[in-house]
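Peer 1: Numbering-wise, my numbering comes out as the position in the sequence shown, counting from 1, plus 7.
Every residue gets a Cβ at the ideal spot worked out from N, C-alpha and C, and that includes glycine.
No experiment lies behind these values; they were computed from the predicted model shown.
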Amino acid sequence: ASSLAGYVVDQSGRVLTFTFMSNGRPPGLSRPALDALASSLRTCGCT
């Protein structure tokens, strides 16, 4: 299992907190995917 938690400021200046978890996949595959998810939040225009 792998996990990643943290916070990021999005394009609108809002602070987003997140926790992602992966289970049943090797860490070598999970970690890049978790990093990509976290990076995508920065460019989120979520409302």
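What would DSSP say about G13, mapped onto helix, strand or coil?
Peer 2: G13 falls in the strand class under three-state DSSP.
Peer 1: Please report the straight-line C-alpha distance between F25 and A45, rounded to a whole angstrom.
Peer 2: So the two alpha carbons sit approximately 8 Å from each other.
Peer 1: Opposite L23 in the DSSP bridges: which residues?
Peer 2: Paired residue(s): V15.
Peer 1: DSSP puts S29 in a beta bridge; with which residues?
Peer 2: DSSP output for S29 lists S9 as bridge partner(s).
Peer 1: Give every residue of the same chain whose Cβ lies closer than 7 Å to the Cβ of P34, excluding the five residues on either side of it in the sequence, and list them in chain order.
Peer 2: Result list for P34: S9, in chain order.
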